[in-house]
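This report refers to the structure that appears directly beneath it.
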Amino acid sequence: MFENLKAQPADKILALMQMYKDDPRTDKIDLGVGVYKNAEGVTPVMRAVKAAEKIVWESQESKSYTGLIGDPAYSDAMIKLILGDAVPRANVGAAATPGGTGACRQAFELIKMASPEARVFVSDPTWPNHISILNYLGMTMVPYRYFDADSRGVDFEGMLADLGQARAGDVVLLHGCCHNPTGANLNLSQWQEVVKLINAKGLVAMIDIAYQGFGDGLEEDAQGTRLVAASVKECLIAASCSKNFGVYRERTGLLMAVSQDSGQTALNQATLAFLNRQNYSFPPDHGARVVTTILNDDALRADWMAELEEIRLSMLGLRQQLADELQRLSGSDRFGFIAQHRGMFSRIGAAPELVEKLRTEFGIYMVGDSRMNIAGLNAKTVPILAKAIIDAGI
Ligand code: PMP
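Numbering (the UniProt record's numbering), first residue to last: 1 to 394.
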């Protein structure tokens, strides 16, 4: 049997991480993998997470199974965080999942189960794991234009034109905020246009929200998702706590199925429980319990929000510093988009050979499509990167 296995394509980002590790240069800069790092290059355990873990450690009396959908208190707290008052709680079926990846996987499986003919429209580009999982599940995927190579913003006309080709029942996958890999995002009126199109054509919305609080703020980053949830007949929302709670390895996510018809919720929720059962039975609990503890305790929640805000503002500061430095060195505004982008990533729009040149000649590692992780920078490395970008001829 094993002789039939075929080598799968290596994950490009993980391969890049390995190259970085193997690079002996001491002044190398890692802008590759998508984890937040502070100015010291550390991905810290957030203060509120440490405190909540202590509470869980002291108070937890059993590690017996929870339920197939996880602890309902986790769903309640997360639904409130993401959806606010956009839809009644009774309209939302939800299940805990292993990270946002697990939530996306379960969402795709639900789509396949309920609507085998549906095609999934994905932004060009999108997070590569969307594509890889959809391919693995044998689902049909259609890219829609998203990134404008000139402005490095959203090609909104192209996006609407391509989504206009979708048939009733097709799924539109949107990034809730902080688009990965580009950093270019829809504004609220563009979200409104997309909602109109979804409703006019009878499409199904799916939102992947993995960076709430990393862009314009916790509430602001949820605006598009809330608008969609409140305005469409039904939607799926895959959420991750990996980044905004810094609990990457705990695998903490949530999948929501939102329907205007609350009579549908019990079946939606039972289906999410069934899908969990088939794939891994009970979802991981520790990260979810920590998140719930934080969100339900006023002091911990306030401290978490304050630290998240520090993280957000530090990334915004680095963006501005880099854009300013590039303006100074290039004598032009052509890098102004770096300050406009939001979240951890910016696609700078450099050709692969120039990305390669940055790595070989300057020891600067970014993903081959020229996505850089802003959090990989600090005040000292920003001028080094800016100079390398100009010297490399980008
Ligand atoms: N969606 C997007 C767009 C992401 O960038 C990520 C993280 N790389 C995820 C989902 C899921 O992350 P995780 O499974 O680690 O929670």
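C-beta atoms are modelled at their ideal positions from N, C-alpha and C, and glycine is treated no differently. From a predicted model like this one, the values you see are computed outputs, not experimental measurements.
Taking 7 Å as the cut-off, is the C-beta of residue i nearer than that to any heavy atom in the ligand PMP?
{"i": "residue 403", "result": "No answer is possible for residue 403: it lies beyond the span of the chain, which begins at 1 and ends at 394."}
{"i": "Thr101", "result": "yes"}
{"i": "Asp208", "result": "yes"}
{"i": "Gly34", "result": "yes"}
{"i": "His175", "result": "yes"}
{"i": "Gly253", "result": "yes"}
{"i": "Cys104", "result": "yes"}
{"i": "Tyr280", "result": "no"}
{"i": "Tyr248", "result": "yes"}
{"i": "Phe180", "result": "The residue you asked about is not Phe; residue 180 is Asn in the sequence shown. Result yes, Cβ under 7 Å from the ligand PMP."}
{"i": "Ser242", "result": "yes"}
{"i": "Trp127", "result": "yes"}
Take residue i and list the residues in its own chain whose beta-carbon comes closer than 8 Å to its own, dropping the five residues that flank it on each side.
{"i": "Gly169", "result": "Ser115, Glu117, Ala118, Gly202, Leu203 and Val204"}
{"i": "Ala94", "result": "Ile69, Ser75, Met78, Ile79, Leu254, Leu255, Met256, Ala257, Gln269 and Leu272"}
{"i": "Leu188", "result": "Gln223, Gly224 and Leu227"}
{"i": "Ser151", "result": "Phe337"}
{"i": "Leu160", "result": "Glu193, Val194 and Leu197"}
{"i": "Gln190", "result": "Val154 and Phe156"}
{"i": "Asp148", "result": "Val154, Asp155, Gly158 and Ala184"}
{"i": "Leu5", "result": "none"}
{"i": "Met206", "result": "Ala107, Ile111, Val120, Val171, Val172, Leu173, Leu174, Cys235, Leu236, Ile237 and Ala238"}
For residue i, which beta-bridge partners are listed by DSSP?
{"i": "Pro143", "result": "Val122"}
{"i": "Arg29", "result": "Correcting the residue type first, residue 29 is Ile in the shown sequence and not Arg. Paired residues: Ile364."}
{"i": "Pro237", "result": "The identity of residue 237 in the sequence shown is Ile, whereas the question assumes Pro. DSSP output for Ile237 lists Ile207 and Met256 as bridge partner(s)."}
{"i": "Ser346", "result": "Met372"}
{"i": "His175", "result": "Asp208"}
{"i": "Asp154", "result": "A quick correction: the sequence has Val, not Asp, at residue 154. Phe147, per the DSSP bridge assignment."}
{"i": "residue 474", "result": "Within the shown structure, residues of the chain are numbered from 1 to 394, placing residue 474 beyond reach of any answer."}
{"i": "Thr97", "result": "Gly253"}
{"i": "Val92", "result": "Val258"}
Below 7 Å CB to CB, which residues in the same chain sit around residue i once its five sequence neighbours on both sides are set aside?
{"i": "Leu81", "result": "Leu295"}
{"i": "Gly32", "result": "Ile13, Leu16, Met17, Tyr20, Tyr365, Met366, Val367 and Asn373"}
{"i": "Ile133", "result": "Cys104, Arg105 and Phe108"}
{"i": "Gly393", "result": "Leu354"}
{"i": "Leu275", "result": "Gln106, Glu109 and Leu110"}
{"i": "Ala52", "result": "Val290, Thr293, Ile294 and Leu300"}
{"i": "Asp27", "result": "Gly363"}
{"i": "Tyr65", "result": "Phe282"}
{"i": "Lys233", "result": "Gln260"}
{"i": "Lys37", "result": "Thr43, Ala375 and Gly376"}
{"i": "Pro143", "result": "Val122 and Asp124"}
{"i": "Ala350", "result": "Ser370 and Ile394"}
{"i": "Ile55", "result": "Thr293"}
Which same chain residues end up closer than 6 Å to residue i when comparing Cβ atoms and leaving out the 5 residues on each side of it in sequence?
{"i": "Val131", "result": "It should be pointed out that residue 131 corresponds to Ile in this sequence rather than to Val. Correct list: empty, nothing qualifies."}
{"i": "Glu250", "result": "His286 and Gly287"}
{"i": "Ala339", "result": "Arg319, Gln320 and Ala323"}
{"i": "Ser231", "result": "Val195"}
{"i": "Ala86", "result": "Arg226, Ala229 and Ala230"}
{"i": "Arg371", "result": "Pro181, Phe345 and Arg347"}
{"i": "Phe335", "result": "Ala323 and Leu326"}
{"i": "Lys380", "result": "none"}
{"i": "Ala73", "result": "Thr292"}
Is any beta-carbon of chain C found at less than 8 Å from that of residue i?
{"i": "Glu3", "result": "Looking for chain C here will not work: only one protein chain is present."}
Query raised in the report: Do the segment 305-318 and the segment 209-226 meet, that is, are 3 or more Cβ pairs less than 8 Å apart?
Result: yes
Report task. Answer yes if the segment 119-138 comes into contact with the segment 172-184, meaning at least three C-beta pairs across the two stretches below 8 Å, and no otherwise. Result -> Yes: the two stretches touch, three or more of their Cβ pairs being nearer than 8 Å.
Report task. Check whether the segment 324-334 touches the segment 352-359, counting contact only when three or more Cβ pairs, one atom from each stretch, lie closer than 8 Å. Result -> no
Query raised in the report: Can we say the segment 242-249 touches the segment 36-51, given the rule of at least three CB pairs closer than 8 Å?
Result: yes
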